Amino acid sequence: MKVALAILAGFTLAAALTYYFQPSLVTGFIPRLNPPDIIVLAPLTRDKVMLRFAVAGRARSPNNHLTVLVLDSTGRTLLFQAVNTDAPSPSKFGNFYLPVDLGQKNLQPGDSITLRVYLASSPESALSIPLTIH
């Protein structure tokens, strides 16, 4: 009985840590932030990639769209902007997929950029994520 409880506790802890620290292939782990719960889950290369943003909790809404600004390393120059107006259903865990073509901006491996991500319902809660192109 104790062995079964220990195994169950281990799986519960693993599930909780996986939920909190979603693995990101960009720069390691990006913890969930609240509000809004947005996580970047995609490799960032200089080629065209799909960035996947997981949005959870009260941030999910049919009227909520996601805006992503790609800025230079200083955070002052806009390189690219993407908006996804196809918000996920509030009945599901929502994922937004945005195509980002960083190759058109002559970014090279090793260059640093900043992603500024926010939902329409809370632009004041923009999440800034510094990243390095691989």
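The sequence shown begins at 1 in the UniProt record's numbering and counts up by one. Note that beta-carbon positions come from the ideal geometry of N, C-alpha and C, so glycine has one too. Treat the numbers as computed from the prediction; the structure is a model and nothing was measured.
Contact under 9 Å by Cβ, residue i with residue j
i	j	result
Arg116	Leu79	no
Whole-angstrom distance between residue j and residue i, CA atom to CA atom
i	j	result
Thr67	Val3	48 Å
Leu69	Ile7	43 Å
Leu131	Ala120	23 Å
Thr77	Gly110	18 Å
Ser112	Ser73	5 Å
Leu127	Gln108	24 Å
Ser122	Ile129	17 Å
Tyr118	Asn106	25 Å
Cβ-heavy atom distance, residue i to the ligand PLP, below 8 Å
i	result
Leu66	In terms of ligand content, the structure shown is empty, and the ligand PLP therefore cannot be addressed.
Chain-order list of residues whose beta-carbon lies under 6 Å from that of residue i (same chain, five-residue window excluded)
i	result
Glu124	none
Ala75	Before going further, note that residue 75 is Gly rather than Ala in the sequence given. Excluding residues within five positions, the ones whose Cβ falls inside 6 Å are Thr114.
Gln81	Leu69
Residues bridged to residue i (per DSSP)
i	result
Ile7	Note: Ile7 sits in no beta bridge, so no partner.
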